[in-house]
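Numbering (the working numbering), first residue to last: 68 to 222. The block underneath contains the structure these notes are about, expressed in structure tokens.
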């Protein structure tokens, strides 16, 4: 069993949608990793630069997580957005048309959601007994995504 399968079994021990739980956990972990390890990482800086920062939801989540833990604090957020603003201003001064791309974290979360939903659908037989005995309930969105995939898998 791969790591996503292990995490799915863990998520089935909780009330609520196991896919939503894992996505929230992934999103928080990604933000914490950025704040703790990757504030000055060129790859991460490039991803932030492509989207000119984060969408409003992830910008607020970044700030919330940064200020909730003294280990992170606001410095990382300030460094990231100082860099974004300098790129934005440089583009404006050069008369460039500035276009935002999809939020770096939104894109990462969508990819993770696809992986989790596919794994859940592929391993439904293996997870079914745990699911039946748990308080976990798939939300409408994830139920429909898994149901759609099951139709494709069974064909």
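Here a beta-carbon is modelled for each residue, glycine too, at the ideal position from N, C-alpha and C.
The continuous alpha helix (DSSP H) containing residue 198 extends over residues 191-199. With fewer than 16 other Cβ atoms from the protein chains shown falling within 10 Å of its own Cβ, residue 196 counts as exposed. Residue state for residue 83 is assigned as strand, using DSSP reduced to three classes. In this structure residue 80 touches residue 201 by the C-beta definition: roughly 6 Å separates them, less than 8 Å. In this structure residue 78 is in contact with residue 203, their Cβ atoms being roughly 7 Å apart against a cut-off of 8 Å. The shortest CA-to-CA distance from residue 163 to any of 190, 170, 154 is the one to 154. DSSP places residue 134 inside the alpha helix (DSSP H), whose first and last residues are 123-135.
Rounded to the nearest angstrom, the gap between the Cα atoms of residue 175 and residue 161 is 31 Å. Residue environment analysis places residue 100 among the exposed positions, since fewer than 16 neighbouring C-beta atoms fall within 10 angstroms of its C-beta.
The C-beta of residue 85 has 16 or more other C-beta atoms within 10 Å across all chains shown, which makes the residue buried.
Contact between the stretch 121-141 and the stretch 101-110 is established, with three or more Cβ pairs separated by less than 8 Å. Distance between residue 123 and residue 171, taken at the CA atoms: about 12 Å. Excluding residues up to 5 positions away in sequence, 184, 187, 188, 205 lie with their Cβ nearer than 7 Å to the Cβ of residue 213 in the same chain.
Distance from the CA atom of residue 148 to the CA atom of residue 121, rounded to whole angstroms, is 9 Å. In this structure, the straight-line span from the alpha carbon of residue 83 to that of residue 215 is close to 20 Å.
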